[in-house]
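A.B. asks: First, the structure itself, so that you have it in front of you.
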Amino acid sequence: MFRILHTESSVGLGGQELRILSEAKGMIGRGHHVVIAAPVRSALAQLASEAGIVCYDIPVGVTGWCCLVPFFLRVLKVDRVQVVHTHGSQDSWTASCAARISQEKPIIVRARHKSTPISLSFRHDVLYRRLPHAVVTTGKAVRQQLIDQNGLDGATVYSIPTGVDLHRFSPSVQSDGLRTALGLPKSGLLVGTVSFLRTEKGIHLLIEAIARLRSEFPSLHCVIVGDGPEHSNLLRLTRERHLESVVFFVGMRNDIPDLLSLLDVFVLPSLEEGIPQSLTQALAMQCPVVASNVGGVPEVVQDGQTGLLVPPQDPDFLADKIAFFLRHPAQGKRMGQAGREAIVKNFSLESMLDKTEQLYADLWERKATRAA
């Protein structure tokens with residue numbers, strides 16, 4: 000069993016932070032010792048505390064930078080850490096440097112959750128090649144990008160997609176009364192998405208698509224689950240398109256399976272992605288899916304088989320594909336079933352934990368071999 004430290008310097012909440020929590024819970028369930036380091040005011044720290052996971056408070060601000068390496072050295076010593084798994088930029092620098100000079104000499108794993116290209120700079124060469132023993136991406140496309148564009152050794156870059164809890168995200172979930180509780184119409188067509196509300200998530204494109212669809216589908220409504228810095232801009236766009244009674248913003252929710260069970264179509268209009276959890280969760284729920292053809296999305300959505308792909312930043316194309324499912328629900332049901340089968344086969348929570356455990360074991364064995 001390993002003694003694992005996950006680090007994350009962000010205070011926000013998105014798929015990255017939820018994966019850390021999911022991984023930590025899963026590894027603890029398998030008998031590993033797991034702690035997290037995150038800012039005390041972060042959503043991750045709060046969720047970790049609620050789950051009973053020890054969470055060290057990362058110092059923040061200018062003084063935080065000066066204190067972080069000594070801070071991580073103390074954590075490594077107190078918890079006798081064997082694996083340092085970093086996720087953010089600031090914590091990857093400081094936790095990795097601390098790990099390299101510590102007496103504990105843990106293995107270092109750098110996670111890369113996004114598909115945004117990394118510049119060919121000395122800084123990134125150190126952060127992704129020289130400091131960590133391995134880099135883990137959430138999909139094959141991001142892995143290949145790091146190899147082809149940044150020259151990383153393929154033997155040190157691994158693709159481990161975020162796993163879905165197939166018991167929680169099951170098409171058998173019932174959501175009686177949820178429409179009424181959310182203030183949604185009791186009947187009519189419903190499309191939606193689950194996302195942290197940032198520009199790169201493309202939620203504005205979904206709103207534009209809804210505006211285009213209303214004339215053909217007057218009973219259509221849209222639910223947007225999540226929060227973030229783009230919230231006010233999206234509300235303004237909704238008012239400008241006269242969709243105040245059509246588009247519902249319901250904020251952060253814990254009952255995501257219930258919400259997904261309401262949808263006639265799940266939409267992922269992102270401008271960039273790794274392999275987003277909301278997408279794999281929607282597929283696990285057998286939702287008909289329309290998703291942007293970006294990053295690792297095509298690894299999950301096979302166009303015309305498990306869902307429909309659209310070019311990013313094209314609200315007309317997006318509206319057309321949403322309309323296809325609304326006009327042809329039988330096709331949506333067929334693709335939704337195929338999507339669930341693909342998730343069961345390739346993207347389960349157990350598969351993610353198996354691959355992560357195996358990676359730690361392989362890296363630890365290599366370390367022992369080098370030391371011999």
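Take 0 as the starting number for the sequence shown in the numbering used here and just add one per residue.
Even glycine gets a Cβ: it sits at the ideal position worked out from N, Cα and C.
1. In whole angstroms, what is the alpha-carbon distance linking Lys-139 and Gly-294?
2. With distances taken Cα to Cα, identify the nearest neighbour of Val-156 among Ala-133, Asp-147, Arg-167, His-166.
3. What are the boundary residues of the beta strand (DSSP E) that includes Ile-274?
4. Just the C-alpha distance for Ala-50 and Arg-109, rounded to the nearest angstrom, thanks.
5. Taking its Cβ as the centre, do 16 or more other Cβ atoms sit within 10 Å of Gln-357, making it buried, or is it exposed?
6. How long is the line joining the alpha carbons of Glu-271 and Glu-199, rounded to whole angstroms?
7. Report all residues from its chain with a CB closer than 7 Å to the CB of Phe-316; omit the five preceding and five following residues, and keep chain order.
8. Take Val-10 as the anchor and find which of Ala-37, Asp-263, Cys-221, Arg-2 has the nearest alpha-carbon.
9. In this structure, how does DSSP classify Ile-3 when only helix, strand and coil are distinguished?
10. Candidates Thr-137, Thr-93, Arg-142, Cys-66: which alpha carbon is nearest Val-125's?
11. Since Gly-250 is in the alpha helix (DSSP H), which residue starts that stretch and which ends it?
12. Assuming Thr-85 and Thr-137 are in contact, meaning their beta carbons sit under 8 Å apart, how far apart are those beta carbons, in whole angstroms?
13. Can you give me the C-alpha to C-alpha distance between Arg-240 and Leu-75, rounded to a whole angstrom?
14. Quick check: what's the CA-CA separation for Asn-232 versus Pro-328?
15. Where does the unbroken beta strand (DSSP E) through His-220 begin, and where does it stop?
16. Closer than 6 Å by C-beta to Val-34: which residues in its own chain qualify, once you throw out the five before and the five after it? Chain order, please.
17. Whose C-alpha, out of Val-245, Gly-28, Val-289, is nearest the C-alpha of Phe-1?
18. If you draw a straight line from the C-alpha of Ile-223 to the C-alpha of Gly-191, how long is it?
19. Exposed or buried, which one is Cys-65 when buried takes at least 16 other CB atoms within 10 Å?
20. Looking only at its own chain, which residues have a Cβ that is under 7 Å from the Cβ of Ala-318, when we skip the five neighbours before and after it?
21. Looking at C-beta atoms only, is the number of pairs between the region 273-288 and the region 249-262 that lie closer than 8 Å three or more?
22. If contact is defined by three or more beta carbon pairs under 8 Å, each pair taking one atom from either stretch, is the region 168-178 in contact with the region 284-294?
23. What are the boundary residues of the beta strand (DSSP E) that includes Arg-109?
24. Pop quiz: Phe-195 and Gly-225 are said to be a contact at Cβ under 8 Å. What is the actual Cβ separation, rounded to whole angstroms?
25. How big is the Cα-Cα spacing for Ser-269 and Leu-307?
26. Could you pull out every unbroken beta strand (DSSP E) segment of at least 3 residues lying fully inside the region 125-157, listed in chain order?
27. Using three-state DSSP, classify Ser-313 as helix, strand or coil.
28. When the Cα atoms are used, what is the spatial distance from Glu-22 to Ser-350?
29. Return the bridge partner residues of Cys-54 from the DSSP annotation.
30. Helix, strand or coil for Gly-191 per DSSP?
31. Nearest to Val-135 by CA position, among Lys-366, Trp-363, Val-39, Lys-354, is which residue?
32. Compute the beta-carbon to beta-carbon distance between Ser-114 and Gly-273, rounded to the nearest angstrom, for a pair I have assumed lies under 8 Å.
33. Determine the DSSP secondary structure at Phe-216, reduced to helix, strand or coil.
34. Do you know how far the Cα of Arg-238 is from the Cα of Val-246?
35. How many Å lie between Pro-131 and Asp-152 at the Cα?
C.D. replies: Straight from the coordinates:
1. 9 Å
2. Ala-133
3. No beta strand (DSSP E) contains Ile-274, which DSSP labels as neither H nor E.
4. 24 Å
5. exposed
6. 6 Å
7. Val-309, Pro-310
8. Ala-37
9. strand
10. Thr-93
11. Note, Gly-250: premise wrong, no alpha helix (DSSP H); beta strand (DSSP E) at 246-250.
12. That pair is no contact at about 15 Å.
13. 53 Å
14. 32 Å
15. 220-224
16. Leu-4, Val-53, Asp-78
17. Gly-28
18. 6 Å
19. exposed
20. Ala-208, Arg-211, Leu-212
21. yes
22. yes
23. 106-111
24. 5 Å
25. 14 Å
26. 133-136
27. Per the sequence presented here, residue 313 reads as Asp, with Ser not at that position. Asp-313 falls in the coil class under three-state DSSP.
28. 11 Å
29. Ile-35
30. strand
31. Lys-354
32. 5 Å
33. coil
34. 10 Å
35. 12 Å
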